[in-house]
Amino acid sequence: TQLLEQSPQFLSIQEGENLTVYCNSSSVFSSLQWYRQEPGEGPVLLVTVVTGGEVKKLKRLTFQFGDARKDSSLHITAAQPGDTGLYLCAAYMIKAAGNKLTFGGGTRVLVKP
Amino acid sequence: NAGVTQTPKFRILKIGQSMTLQCTQDMNHNYMYWYRQDPGMGLKLIYYSVGAGITDKGEVPNGYNVSRSTTEDFPLRLELAAPSQTSVYFCASSGLAVSSYEQYFGPGTRLTVT
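So the protein sequences, as listed, match chains A and B.
Numbers 1096 to 1208, taken from our numbering, label the letters of the first sequence in order.
Numbers 877 to 990, taken from our numbering, label the letters of the second sequence in order.
So, in structure tokens, the structure goes:
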């Protein structure tokens, strides 16, 4: 059983549509990060959320951290083909040694032109 | 600033062979990590290091070894390669400050064991 569950696992949409990716856990996080990974490359950080209820915007991407710090969502408005990739949530659990991140299983997003 | 570099990019090993995956970072980061990523999946932590001379096991350490003799380098050693070790391996590093918990990833090494 994954500590961090992402849903859906795969999402295929047309350019211009909206999408939401979810990241859930039964554990409380110290903070949560969202990464995007393109084929053949390593993940790249999009955002870090720290405070329960926090909302951050990055152009067409909106990130929300749940009030209880156990879940998060990523919403993309008017998706473009350049948004295609693997989206990974990753959490710092409270008292995790070595600044270790726990990763979700990822959501593969395909935006068709 | 090259960031995190990994070599080789690709490698095919026969069962039972050994190899070392190299990882170097030039950001003076204390923390370094090795992950593996199986097709369509997230990342699983193999080993990590909080500084030169200090290493510890992650979630899936069996079949691997690491060393950290310098701040910059964190090689991953595979002994007696097995087909189950076919995966993409990523090295990452991060700084000390809470605001710097971003992990910077290398481009990965794609390993096939046949």
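Note that CB positions come from ideal geometry on N, CA and C, so glycine has one too.
So the beta strand (DSSP E) residue i belongs to, where does it begin and stop?
i, result
"A/Y1182", "G1180 to M1188"
"A/Q1132", "F1124 to Q1132"
"B/R986", "T985 to V989"
"B/Y965", "S963 to S970"
"A/S1120", "No beta strand (DSSP E) holds A/S1120; DSSP gives it neither H nor E."
"A/D1166", "D1166 to I1171"
"A/T1146", "It is not in any beta strand (DSSP E) - A/T1146 carries neither H nor E in the DSSP assignment."
"A/K1151", "V1150 to L1153"
My output table needs one value for residue i: the three-state DSSP class, helix, strand or coil.
i, result
"A/N1194", "helix"
"A/G1177", "helix"
"A/Q1101", "strand"
"A/S1107", "strand"
"B/S960", "helix"
"A/D1162", "coil"
"B/Y980", "strand"
"A/R1203", "strand"
"B/R953", "strand"
Here's the rule I'm using: 16 or more other beta-carbon atoms within 10 Å means buried, otherwise exposed. How should residue i be labelled?
i, result
"B/S925", "buried"
"A/P1103", "exposed"
"B/S963", "buried"
"A/L1098", "exposed"
"A/Q1101", "buried"
"A/L1205", "exposed"
"A/S1107", "exposed"
"B/F886", "exposed"
"B/P959", "exposed"
"A/R1087", "Outside the displayed range of chain A (1096 to 1208) lies residue 1087 of chain A, so it cannot be described from this structure."
"B/I922", "buried"
Using a Cβ-Cβ cutoff of less than 6 Å, which residues in the same chain neighbour residue i once the five nearest sequence positions on both sides are dropped?
i, result
"A/Q1159", "V1150 and S1168"
"A/F1105", "R1203"
"A/F1198", "L1183 and A1185"
"B/M908", "S925, F950 and S969"
"A/D1178", "I1171 and V1206"
Does the beta carbon of residue i fall short of 7 Å from some heavy atom of the ligand ADP?
i, result
"A/S1107", "The ligand content of the structure shown is nil, which means the ligand ADP is not present either."
Excluding five sequence neighbours on each side, which residues of the same chain lie with their C-beta closer than 8 Å to the C-beta of residue i?
i, result
"A/N1113", "H1170, I1171, T1172, A1173 and A1174"
"A/K1165", "N1119, S1120, S1121, S1122, V1123 and F1124"
"A/N1194", "Y1187"
"B/R944", "M908, S925, G927, A928, G929, I930, T931 and F950"
"A/R1131", "P1138, V1139, L1141, G1180, L1181, Y1182 and L1183"
For residue i, which residues in the same chain have their Cβ closer than 7 Å to its Cβ, ignoring the five residues on either side in sequence?
i, result
"A/G1147", "F1160, G1161, D1162, A1163 and R1164"
"A/G1201", "Q1101, L1181, Y1182 and L1183"
"B/G892", "L956 and A957"
"B/E935", "K920 and L921"
Checklist entry - Fully enclosed by the stretch 883-947 of chain B, which beta strand (DSSP E) runs are 3 residues long or longer? => result 886-889, 895-901, 907-913, 919-927, 930-933 and 940-942
Checklist entry - Residues in the stretch 1173-1190 of chain A with C-beta within 7 Å of chain E's C-beta atoms, listed in sequence order? => result Of the protein chains in the structure, A and B, none is chain E.
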